[in-house]
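Peer 1:
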Amino acid sequence: MKLNPPKEKKIDTVIINGCECEPYITIDHRLMLERTADLIFGARLVARAVGAGRLIFGIEENKPNAIEKIRAELGSLQLGLRTEVVPLKAKYPQGGEKMLIKSILNREVPPKGGLPMDVGVVVHNVGTTIAIADAVRFGTPLIRRAVTVTGSAVREPKNLIVRIGTLFEDILQFCGGLTDDVAKVVMGGPMTGFAVSSLDVPVVKGTSCILALNRKDAQSFEEGDCIRCGRCIRACPMGLMPNYLGVYTKRKNWDKVKEYNVTDCFECGCCTYVCPSRIYLVHYVKVAKKELQLRKTV
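The C-terminal position of the sequence shown is numbered 297 in numbering that gives the first Met the number 0, with every residue numbered one higher than the one before it.
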């Protein structure tokens, strides 16, 4: 859909998202350094496909070598586009599409189902852009992806290119195995990932990270009562009220949950992270979304 927007949606800008989506993950950084030319070729293809005249690479400031390398590569090419590399503050969740568009272009994607194309923008991440380049240049289908393997319980953390379908167990063995005090293995990052109960789990298209944590890093806390401090509200990048979403989900007041725009949440986990009462607010958001979806299909 991103490469074939409706005719009424005029796309003027393509943004290549060079911000890592979560802490611990470093695959985009490595790809920008090691496959710079392929990234720019893929980005040019995306811009041509959607008819955009402007191409922007948004990269966090803590990746100066990637910023310099892409700028140097762009300077040596004649792409027929307005190109720019924009350094961004390294702040989670900067990698979210809506946050990225706001930071770079000061455009706000409409809430309640709004898409970047509604404000004339298409956003692609680094891995997808390189996959497009490989598909066009070599006819290679999407059969592998870059994965960060890291965490306090991984003996030899690495960034790897792996075949989709490769088991976690095989990947972790390639990284020296797990330490004796491993407590949890997570598919994804620490903010939005989920624990797996077995290592017989395959890498899928969306597997950006395999995170293994020891007992100290994986400890969980008993949930307390909300003290109405408002930290979750201040932390929410979408301007929602996670405290009320949690309260109304516990009460099963689904009309109120919907009224507080639960579907606008993209589950970044900031609310849970800052909560002094250790309330798993993002969990209640997921429960509410699932309930509303079930009610819609019944």
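Glycine included, each C-beta is placed from N, C-alpha and C at the ideal position. These figures come from a predicted structure and were not determined experimentally.
State yes or no: is the C-beta of P4 nearer than 7 Å to some heavy atom of the ligand PLP?
Peer 2: The ligand PLP is absent from the structure shown, which contains no ligand whatsoever.
Peer 1: Below 7 Å CB to CB, which residues in the same chain sit around R214 once its five sequence neighbours on both sides are set aside?
Peer 2: D180 and A182
Peer 1: Is the segment 26 to 39 touching the segment 107 to 122 in the sense that three or more CB pairs, one from each, lie closer than 8 Å?
Peer 2: no
Peer 1: Please report the distance separating the alpha-carbon of E258 from that of V284.
Peer 2: The alpha-carbon atoms of E258 and V284 are separated by roughly 13 Å.
Peer 1: Exposed or buried, what is A71 when buried is set at 16 or more other beta-carbons lying within 10 Å of its beta-carbon?
Peer 2: exposed
Peer 1: What does the alpha-carbon distance come out to for the pair P241 and Y272?
Peer 2: 12 Å
Peer 1: Closest to G268 by CA distance: which of C20, P4 and G57 is it?
Peer 2: C20
Peer 1: Quick one: which unbroken alpha helix (DSSP H) runs of 4-plus residues sit fully inside the segment 83 to 141? Chain order, please.
Peer 2: 96 to 104 and 125 to 137
Peer 1: Helix or strand or just coil, what does DSSP make of N242?
Peer 2: Look at N242 here: in three-state DSSP terms it is helix.
Peer 1: Taking the straight line between their C-alpha atoms, what separation do you get for A194 and R154?
Peer 2: 19 Å
Peer 1: Decide if I226 is buried, meaning its Cβ has at least 16 other Cβ atoms within 10 Å, or exposed.
Peer 2: exposed
Peer 1: Relative to the C-alpha of A46, which residue among G150, V281, E221 and I131 is closest?
Peer 2: I131
Peer 1: Buried or exposed, going by whether 16 or more other CB atoms sit within 10 Å of the CB of I69?
Peer 2: buried
Peer 1: Check whether the segment 163 to 175 touches the segment 99 to 110, counting contact only when three or more Cβ pairs, one atom from each stretch, lie closer than 8 Å.
Peer 2: The segment 163 to 175 is not in contact with the segment 99 to 110.
Peer 1: What is the DSSP secondary structure of V297, counted as helix, strand or coil?
Peer 2: Interpretation of V297 is limited by its pLDDT of 46, a score under 50 that renders its predicted location unreliable; no figure is taken from the coordinates.
Peer 1: Along the chain, where does the alpha helix (DSSP H) that runs through F40 open and close?
Peer 2: T35 to V49
Peer 1: To the nearest angstrom, how far is it from the Cα of T191 to the Cα of R136?
Peer 2: 34 Å
Peer 1: Tell me, to the nearest whole angstrom, how far the beta carbon of I163 is from that of V125; I am working on the premise that it is less than 8 Å.
Peer 2: Their Cβ separation, rounded to whole angstroms, is 17 Å, which puts I163 and V125 out of contact at 8 Å.
Peer 1: Roughly how many angstroms separate the alpha carbons of R81 and E67, rounded to a whole number?
Peer 2: 18 Å
Peer 1: Just tell me which of R277, G52 and N64 has its CA closest to the CA of K218.
Peer 2: Looking at the sequence provided, one finds Gln at residue 218 rather than Lys. Looking at the Cα atoms, R277 is the closest of the given residues.
Peer 1: Rounded to a whole number of angstroms, what is the C-alpha to C-alpha distance between T165 and R143?
Peer 2: 9 Å
Peer 1: Consult DSSP for E290 and reduce its assignment to one of helix, strand or coil.
Peer 2: helix
Peer 1: Taking the beta strand (DSSP E) that K157 falls in, what are its first and last residues?
Peer 2: Where K157 is concerned, the enclosing beta strand (DSSP E) stretches over K157 to R162.
Peer 1: Taking all protein chains shown into account, decide if D254 is buried (16 or more other Cβ within 10 angstroms of its Cβ) or exposed.
Peer 2: Classification of D254: exposed, given that the 10 Å Cβ count is below 16.
Peer 1: When DSSP labels each residue in this structure, what does E59 get in the three-state scheme?
Peer 2: If DSSP states are grouped into helix, strand and coil, E59 belongs with the strands.
Peer 1: Can you tell which of A36, S196, C18 and E290 has the C-alpha that lies nearest to the C-alpha of C247?
Peer 2: Strictly speaking, residue 247 in this sequence is Tyr, with Cys absent from that position. When each option's Cα is compared against that of Y247, the closest is E290.
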